[in-house]
Amino acid sequence: MSAFITAFLGVGPAMALGAALANHGNTSAVPECVQACSHLANIFGPDAYSLGNANVTLWDVKQQETHSACWVQPSSTEDVSTILSVIIDTSCRFAVKSGGHARDPDDSVSVGGVTIDMQKMRSVEVAPDQKTAKVGSGHVLLSLYEGVEKYNLTTLGGRVADVGLGGYTLGGGFSHLAPKYGLAMDNVFEYELVLPNATVAIVNQETHPDLYFALRGGMNNFGIVTHFTMRAVKQGQMLGGVRAYRADTRDAILEQAYELTTSWKNDTNMAFYYDYGYDQERDDFTITVSQEYTLPVLNPAPFEQLNRIPFEHSTIRLDRTSRFSIETASATPPGGRNLFATVTYSPSADLDRQLQDIMAKGLQPLKKASGFFPNLVIQPLYEGAIRAGKERGGNAAVALLTVRWGNAEDDERMNAFAQEWVERSTATTKSAGKHHPWLYINYASKAQDPFLSYGEANQQKLRRIQREVDPQGVFTSDGLCRGYFKLQ
Ligand SMILES: Cc1cc2nc3c(=O)[nH]c(=O)nc-3n(C[C@H](O)[C@H](O)[C@H](O)COP(=O)(O)OP(=O)(O)OC[C@H]3O[C@@H](n4cnc5c(N)ncnc54)[C@H](O)[C@@H]3O)c2cc1C
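Numbers -16 to -1, 1 to 472, taken from mature numbering (1 follows the signal peptide of the UniProt record, and there is no 0), label the letters of the sequence shown in order.
#1: Looking at the unbroken alpha helix (DSSP H) that takes in Met343, where does it start and where does it end?
#2: Between which two residues does the beta strand (DSSP E) carrying Tyr329 extend?
#3: Taking the CB atoms as reference points, tell me whether Ile342 and Tyr257 lie closer together than 8 Å.
#4: Return the CA-CA distance between Tyr195 and Ser461, expressed in angstroms with no decimal places.
#5: Let me check one thing: in DSSP terms, what residues is His160 bridge-paired to?
#6: Under 8 Å by Cβ, that's how I've got Ser354 and Gly390 pegged, so tell me the actual separation to the nearest angstrom.
#7: Start and end of the beta strand (DSSP E) containing Pro294?
#8: Thinking C-alpha only, which one of Leu347, Ala182 and Asn26 is nearest Ile208?
#9: Please return the same chain residues whose Cβ sits closer than 6 Å to the Cβ of Thr61, not counting the five positions on each side in sequence.
#10: With respect to the alpha helix (DSSP H) encompassing Asp303, which residues constitute its N-terminal and C-terminal limits?
#11: In terms of residues, what are the limits of the alpha helix (DSSP H) holding Gly142?
#12: I think Pro180 touches Phe459, with their Cβ atoms under 8 Å apart; what is that distance to the nearest whole Å?
#13: DSSP state of Leu279, grouped into three classes?
#14: Quick one: any contact between the stretch 21 to 31 and the stretch 45 to 64, if contact means 3 or more CB pairs under 8 Å?
#15: In the DSSP output, what is Asn359 paired with across the bridge?
#16: Quick check: Tyr329 and Thr413, are their CB atoms within less than 8 Å of each other?
#17: In three-state DSSP terms, what is Asp101?
#18: Here's a check: name, in chain order, each residue in its chain whose Cβ is nearer than 6 Å to the Cβ of Arg301, leaving out the five neighbours to either side.
#19: Just to confirm before moving on: does the CB-CB distance between Val64 and Val187 stay below 8 Å?
#20: Using the rule of at least 16 other Cβ atoms within 10 Å of the residue's Cβ for burial, across every protein chain shown, is Asn283 buried or exposed?
#21: Would the beta-carbon of Leu167 fall within 8 Å of that of Val144?
#22: So, using beta-carbon positions, are Ile67 and Lys81 closer together than 8 Å?
#23: Classify Gln219: buried if its beta carbon has 16 or more other beta carbons within 10 angstroms, exposed otherwise.
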């Protein structure tokens, strides 16, 4: 198995909203949605229906500020089907929310329409052989981990407790188990899906092979997933945690990151990612490296060299997956305006450095912006983990730029900063002959088209499947559910 590395840059983008909906709010909901909400209020009552987003975690302020005509919280697949029927009958716009970690209005909080909040759907049914678990799509990763840990199992959740299983899995899903099993989406054996015509389908390789293909990376383009049947694996305590380093250790860290991605790629118990972030208070950069090893070993061989580099502080220990997810969530709390952007390339310490330097140069004029926190996360992706990787072969690195800031007035220049980072990083990886076209949908910016990166044949196949299951275009960019990334 070979590895990919992906880099991800995050900043909070402002999405242009239609003028008709710009002044949305409970009192200015579009008429179709007033009717839809009135029906939903009658059917679901105050326990599952509300006008606002109280008691709901939304990670980004842009989504927190978004007003829907109403919110509804289904408890079952039948509820979801009923809600979708009402919505379609009234032609009301809607959005589906799992953990609420998307970053723009309409992604998972409807602008003036109905927000379907899946948070009541958190069942866990472990199969008798304990090799799979059927779980509700409204889980956050902590509730998922806690649910399966009762059986000494874990599954392919991500790193952060409050990220939702829905968006994470439908987009891909990087976790500490990715080196061994691939992305979360490649470990879903069955989906329970409410189709765009509001009927229910059980989707697996045998029943609906095309839809099964489409749901692995197809995001919210094919219906509303209510349950995933996912791989479960035995897991006791494992190694995890983070070590923080001074910026002057960068050369040594870059070298070790490269070694871990290439020389150690066959030790699939090992996963890691590292961050290069700007600390506004100190006007300096910090580096953190997250170590993961699925056995209860404190200093496993892959990390021996890394562990010789002097660090400032460390949380490395043996613990449960759920506990690590709580720790990681505390480092990325809700709040701020945020943007993500991503580039993928073949592993190279030199390119890691160059992409970090592009971020460092680009952020200079923004240093004084309120609440400014740009951070570059670089992590390996093993080729078995993504279809694009399988097709092209070879290792890759996924770079994720994340940017956080405080004021709406800065939206435009933050978007420009991220866009420039993408353009310069793409050009740099191309001129090094190491560019990889794959864009991880859950790390992409709105200026990027992750579906384009799936290749023309896959896009055509996805479009055909969408036409078949959604002839009215309910889940398309012109339909009723328009947010996040749409198949063009
Ligand atoms: C702090 C933080 C940490 C992260 N860590 C990781 C990580 O470790 N690994 C990783 O791979 N990614 C990670 N991500 C990226 C994350 O996977 C995406 O942001 C993901 O889309 C979030 O899912 P959500 O359910 O929380 O968000 P939401 O905003 O609720 O949903 C995102 C999109 O998915 C759609 N959706 C959600 N549920 C359903 C459903 N049941 N049916 C149909 N559509 C649905 C929504 O409509 C929306 O368009 C992280 C993001 C953040 C902000």
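Glycine included, every Cβ here is placed at the ideal spot set by N, Cα and C.
Looking at the coordinates:
#1: As a position in the sequence shown, residue 343 is number 359, starting the count at 1. Segment Ala333 to Gly346, the alpha helix (DSSP H) holding Met343.
#2: For the purposes of this step, residue 329 is identified with residue 345 of the sequence shown, where counting begins at 1. Residues Arg321 to Tyr329.
#3: Here residue 342 corresponds to residue number 358 of the sequence shown, with the count starting at 1. Here residue 257 corresponds to residue number 273 of the sequence shown, with the count starting at 1. The answer is no: Cβ separation not under 8 Å.
#4: On the sequence shown, position 211 is the one that residue 195 refers to. On the sequence shown, position 477 is the one that residue 461 refers to. Going by the sequence as given, residue 195 is Leu instead of Tyr. Pairing Leu195 with Ser461, the inter-Cα distance amounts to about 19 Å.
#5: In the sequence shown, counting from the first residue as 1, residue 160 sits at position 176. When DSSP reads this structure, His160 sits in no beta bridge, so it has no partner.
#6: Residue numbering aside, residue 354 sits at position 370 when the sequence shown is read from its first letter. Residue numbering aside, residue 390 sits at position 406 when the sequence shown is read from its first letter. Yes, they are in contact, since the Cβ atoms of Ser354 and Gly390 sit about 4 Å apart, within 8 Å.
#7: Residue numbering aside, residue 294 sits at position 310 when the sequence shown is read from its first letter. Here Pro294 belongs to no beta strand (DSSP E), and DSSP marks it neither H nor E.
#8: Here the question's residue 208 lines up with position 224 in the sequence shown. Considering only alpha carbons, the answer is Ala182.
#9: The residue given as residue 61 occupies position 77 in the sequence shown. Only Glu176, Val184 and Thr210 meet the Cβ criterion.
#10: The sequence position of residue 303 within the sequence shown is 319, counting from 1. Counting along the chain, Asp303 falls outside any alpha helix (DSSP H), though it belongs to the beta strand (DSSP E) covering Arg301 to Asp303.
#11: For the purposes of this step, residue 142 is taken as residue 158 along the sequence shown, with counting starting at 1. Element bounds for Gly142: n/a, residue is neither H nor E.
#12: Taking the first residue of the sequence shown as 1, we reach residue 180 at position 196. Taking the first residue of the sequence shown as 1, we reach residue 459 at position 475. About 6 Å separates the two Cβ atoms, so the contact holds.
#13: Taking the first residue of the sequence shown as position 1, residue 279 is located at position 295. Three-state DSSP puts Leu279 in coil, outside helix and strand.
#14: The answer is yes - the stretch 45 to 64 touches the stretch 21 to 31, with three or more Cβ pairs under 8 Å.
#15: On the sequence shown, residue 359 is found 375 positions in, with the first residue counted as 1. Asn359 pairs with Thr386.
#16: Counted from its first residue, the sequence shown places residue 329 at position 345. Counted from its first residue, the sequence shown places residue 413 at position 429. Yes, they are a contact pair.
#17: In the sequence shown, counting from the first residue as 1, residue 101 sits at position 117. Under the three-state reduction of DSSP output, Asp101 falls in the strand class.
#18: For the purposes of this step, residue 301 is identified with residue 317 of the sequence shown, where counting begins at 1. Correct list, in chain order: Gly225.
#19: Here residue 64 refers to the residue found at position 80 when the sequence shown is read from its first residue. Here residue 187 refers to the residue found at position 203 when the sequence shown is read from its first residue. Going by beta carbons, Val64 and Val187 fall outside the 8 Å limit.
#20: Looking up residue 283 in the sequence shown gives position 299. Burial call: exposed.
#21: The residue you call residue 167 lines up with position 183 of the sequence shown. The residue you call residue 144 lines up with position 160 of the sequence shown. If you check the CB distance, Leu167 and Val144 do not come in under 8 Å.
#22: On the sequence shown, position 83 is the one that residue 67 refers to. On the sequence shown, position 97 is the one that residue 81 refers to. 8 Å or more divides the Cβ of Ile67 from the Cβ of Lys81.
#23: As a working mapping, residue 219 is identified with position 235 in the sequence shown. Label assigned to Gln219: buried.
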